[in-house]
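Each protein sequence line maps, in turn, to chains A and B. Sequence positions in the first sequence follow the working numbering and run 344 to 463. Sequence positions in the second sequence follow the working numbering and run 96 to 574. The beta carbon of each residue, even a glycine, is placed where N, CA and C say it ideally should be. Just below is one structure, and these are the notes that go with it.
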Amino acid sequence: MTDPTSDATFSALADQTRRAILGLIGEHGELTVGEIASRFDGVGRTAVSSHLRILRLAGLITERRDGRYRHYSLTSTPADTVVAFLASVYQNSLDQLSAAMTEAVAAAGNTVQQDDELSA
Amino acid sequence: MAELVLRSEARLEAGPSELFALFGSGDPSLGWLFGSEADALRPGALVRLTLPIGEGARAPGTARVQRCMPGRRIDLVHETPWAGRVVCQLDALPDGGTRLRIRVTIDDRELVRLGADFGLHSWADVEDWEVPLGLLTSLSGSAGILGRSTVNCAQLAVDEINADGGMLGRDVRLVVADDATDPGIGVIAMSRLCGVPGLAAVVGMHSSATYAATSPMAVANAIPYLYTPTSEAAAPHPLLVRFGERPLDQLHRALPLMAEATGGTRWFLTGNDYSWPRAIGASAREVIERMGGTVTGEGYVPLGTQEFAPVIAAIGERGTDHIVSSFVGQDHVRFESEFSASGLRGTTRTFAPLMDDAVVEHLGPSGVGIWNALGYFAAMDTAENHEFLRRYEARFGRCSPPVSAAAEGVYEAIHTWASACRSGGGIEPSAFLGGLRTSGFRGPRRCGRGGTLESLLLGEATPSGIKVLDELPVAGPSP
């Protein structure tokens with residue numbers, strides 16, 4: 344469940360603005376950067392472009408070039424994307440717990456070692 | 096109903112009892128699940144989660160303990176930002192470590208809702224024989240931690256309407272959308288709701304900032320919008336129907352009683368920095384000055400802030416008897432707990448116009464003594480309320496989030512919608528609006544025709560929940 348695809352999906356979907364961008368694209372079928380930026384207050388063209396790049400790298404949207412314009416549309420199977428997102432949220436929690444436990448054991452090991460050194 | 100089951104497993108270098116003891120300790124380095132905050136691991140106890148949402152950002156969520164076997168197993172019901180069941184199973188390994196397995200179950204309807212919230216699709220699964228009814232509320236963001244009981248109460252009302260023959264022979268289907276406590280996201284969610292074919296109405300239980308952005312969309316799409324929270328928001332069009340408490344009524348009735356109880360005259364006004372808390376501040380100032388009191392200071396902080404210290408210091412320095420505290424959701428919980436820790440609770444009394452039963456559960460001991468006046472508290476001692484709470488528990492189990500005024504208001508609004516449609520002879524806006532003038536719904540709240548609130552309850556937070564101090568009539572239409 345820790346494959347890079349689900350991590351990329353997680354990072355892509357975790358941001359509210361990116362979700363809103365997906366929503367807009369889904370609603371209209373296909374949109375350009377300018378069309379997306381014009382529908383957001385306070386989110387500039389550059390920011391929209393960078394969100395689109397993250398969404399594209401996560402495989403959630405696809406890009407079609409038409410002269411000067413790039414048109415974006417959804418690619419994913421919605422259910423798969425949601426499942427990948429949820430799976431990585433829960434797996435992330437276990438991975439962190441596991442790392443914390445390993446660290447605690449290592450720290451305890453160090454303490455014991457130091458004690459040995461002191462007594463030696 | 097079909098379900099998604101996710102399984103995860105980890106081998107950990109700690110024994111089952113040691114791990115079990117760490118659950119709910121509130122240490123974020125243990126991961127968001129085990130590092131959650133839980134006061135007790137008894138069935139029904141609240142678990143506060145802080146979910147990672149990428150790039151270092153974190154979002155609040157809630158779960159509830161359903162069952163617990165010390166050292167072996169913890170069953171949780173995940174409530175927000177999504178609904179599901181989580182079973183954590185701990186098995187001892189021969190090397191002294193633990194095999195931790197988690198099984199997460201999420202039903203299909205919730206997956207569809209999440210997919211729609213993530214912007215991946217619209218609500219394509221509404222059948223053409225169903226009457227879609229939208230619920231726009233907060234399941235994530237600052238107000239999200241209070242959202243599950245709102246969705247539950249909406250579902251209970253819809254189930255009751257369907258059990259009673261549906262809406263003119265068709266089943267009502269609840270379509271839930273999350274505004275993430277953010278008007279920008281609210282607009283997107285509302286636009287997708289408006290795109291659901293045949294959507295009969297939208298019930299809104301969210302901030303007035305979202306209402307300001309989304310209500311014109313309801314009018315433009317000719318969809319009735321039933322707005323239920325306590326709010327000063329105007330309803331400048333017949334399709335916009337307001338149900339909740341009016342802040343001026345709350346303040347008018349309650350602040351003089353509070354001043355009488357303490358004998359004090361000095362007030363400090365605080366809350367999140369957006370239209371609603373500032374409107375509360377302006378109304379409170381009007382009421383306080385009319386009764387001869389003094390406003391010693393005001394302090395507003397942005398939604399989602401962690402910085403309450405300057406406001407709390409200002410309250411301490413200026414000398415004050417009463418606080419009017421208009422914070423929302425997670426911010427409300429954080430402010431009141433820091434305020435209580437500062438020791439100022441003992442020398443002041445707080446009125447918080449959003450404090451209801453769900454907020455009080457999150458506040459715990461730090462909220463004891465706070466007052467509010469609302470149309471509903473779970474402790475309301477009437478036959479209608481006992482019956483309502485019995486049905487809620489029968490539907491959602493004993494380990495479910497407490498019914499709050501916000502959630503119960505949604506229940507009443509949906510029943511009022513149904514009874515107005517029946518009375519008007521259809522689900523079209525004209526039939527609903529026609530029926531609303533002559534019909535009503537007899538639920539726990541004291542409401543007249545069209546859902547107009549007739550009385551407020553004065554409540555005080557105690558260690559065992561909100562106690563009802565008095566019933567205050569709402570005299571005539573508010574100014």
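- With its beta carbon less than 8 Å from one in chain A, residue 129 of chain B belongs to the interface.
- The three-state reading of DSSP puts residue 439 of chain A in helix, counting H, G and I together.
- Residue 482 of chain B and residue 488 of chain B have their C-alpha atoms some 10 Å from each other.
- Against chain B, the CB of residue 370 of chain A has a partner CB under 8 Å away; the residue lies at that interface.
- In this structure, DSSP gives residue 469 of chain B an extended state, which the three-state scheme calls strand.
- Taken in chain order, the complete beta strand (DSSP E) segments of 3 residues or longer contained in the stretch 361-412 of chain B are 361-367 and 389-396.
- The beta carbon of residue 136 of chain B sits no closer than 8 Å to any beta carbon of chain A.
- Residue 381 of chain A has a beta carbon lying at 8 Å or more from every beta carbon in chain B.
- For residue 101 of chain B, the nearest CB of chain A lies under 8 Å from its own CB, placing it at the interface with that chain.
- Three or more Cβ pairs drawn from the stretch 495-508 of chain B and the stretch 524-540 of chain B lie within less than 8 Å of each other, which places the two stretches in contact.
- The distance from the Cβ of residue 445 of chain A to that of residue 401 of chain A is about 29 Å, inconsistent with a contact at the 8 Å cut-off.
- Remark: fewer than three beta-carbon pairs, one from each stretch, lie closer than 8 Å, so the stretch 272-280 of chain B and the stretch 311-320 of chain B are not flagged as touching.
- Straight through space, the alpha carbons of residue 254 of chain B and residue 294 of chain B are spaced by roughly 18 Å.
- Unbroken alpha helix (DSSP H) stretches of 4 residues or longer found wholly inside the stretch 264-290 of chain B: 278-289, given in chain order.
- Residue state for residue 383 of chain A is assigned as coil, using DSSP reduced to three classes.
- For residue 405 of chain A, the beta-bridge partners assigned by DSSP are A:416.
- Residue state for residue 122 of chain B is assigned as coil, using DSSP reduced to three classes.
- Shown in chain order are the members of the stretch 402-417 of chain A whose Cβ falls below 9 Å from a Cβ of chain B: 403 and 417.
- Residue 189 of chain B counts as exposed, since fewer than 16 other beta carbons sit within 10 angstroms of its beta carbon.
- Between the alpha carbons of residue 132 of chain B and residue 417 of chain A lies a distance of about 38 Å.
- Contact between the stretch 287-301 of chain B and the stretch 543-550 of chain B is absent: fewer than three C-beta pairs spanning the two stretches fall below 8 Å.
- For the options A:429, A:450, A:421 and A:439, the alpha carbon positioned closest to that of residue 366 of chain A is the one of A:421.
- Listed as beta-bridge partners of residue 320 of chain B by DSSP are B:297 and B:335.
- Neighbours of residue 391 of chain A in chain B, taken as residues at a C-beta separation under 9 Å, are lacking, since the least C-beta distance is about 13 Å.
- A contact is defined here as three or more CB-CB pairs under 8 Å, and the stretch 238-256 of chain B meets this definition with respect to the stretch 159-176 of chain B.
- If you check each beta-carbon in the stretch 425-450 of chain A against every beta-carbon of chain B, the ones closer than 8 Å belong to 425, 426, 428, 429, 430, 432, 433, 434, 435, 436, 437, 438, 439, 440, 441, 443, 444, 445, 447 and 448.
- For residue 396 of chain A, no Cβ of chain B is located within less than 8 Å of the residue's own Cβ.
- Comparing alpha-carbon positions, the option among B:232, B:166 and B:453 lying closest to residue 110 of chain B turns out to be B:166.
- In the pairwise beta carbon analysis, the stretch 384-391 of chain B is classified as not touching the stretch 195-208 of chain B: fewer than three pairs are separated by under 8 Å.
- Chain A has no Cβ within less than 8 Å of the Cβ of residue 174 of chain B.
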